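Just below is one structure, and these are the notes that go with it.
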Amino acid sequence: MYKLIPFTLPQTNYFSVQRIVDNAHIPFAPDNTDYANFKIDLANGAELSDANNTVMTANQISAFIATLP
3 MYKLIPFTLP
13 QTNYFSVQRI
23 VDNAHIPFAP
33 DNTDYANFKI
43 DLANGAELSD
53 ANNTVMTANQ
63 ISAFIATLP
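If you count the sequence shown from 1, you need to add 2 to reach our numbering.
Okay, here's the thing in structure tokens:
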């Protein structure tokens, strides 16, 4: 399971992802292997929760993946 972690920089909102099993924070960086595995895991049915701990539906996850680099 993964969780979106929001953080705000001036004029920009960003998210990172926390892998719950080991509390690792994964940046949205295409060259990062954890990030690549995160996208594969989501495509294979892993759970993703938003910052409010609400588990996203499969459709929400698909739409979210489409926005990622």
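Virtual Cβ for every residue (Gly too), placed ideally from N, Cα, C.
The model shown is predicted, which means the values in this text are computed figures rather than measured ones.
Item	Value
Nearest-angstrom Cα distance between V57 and N34?	24 Å
According to the neighbour-count rule (16 or more other Cβ atoms, all chains shown, within 10 Å of its Cβ), is F9 buried or exposed?	exposed
From S64 to A45, what does the alpha carbon distance come to, in whole angstroms?	8 Å
Quick one: is L70 buried, meaning 16 or more other Cβ sit within 10 Å of its Cβ, or exposed?	exposed
Answer yes or no: do A48 and D36 have a C-beta to C-beta separation smaller than 8 Å?	no
What's the gap between the Cα of M3 and the Cα of N54?	14 Å
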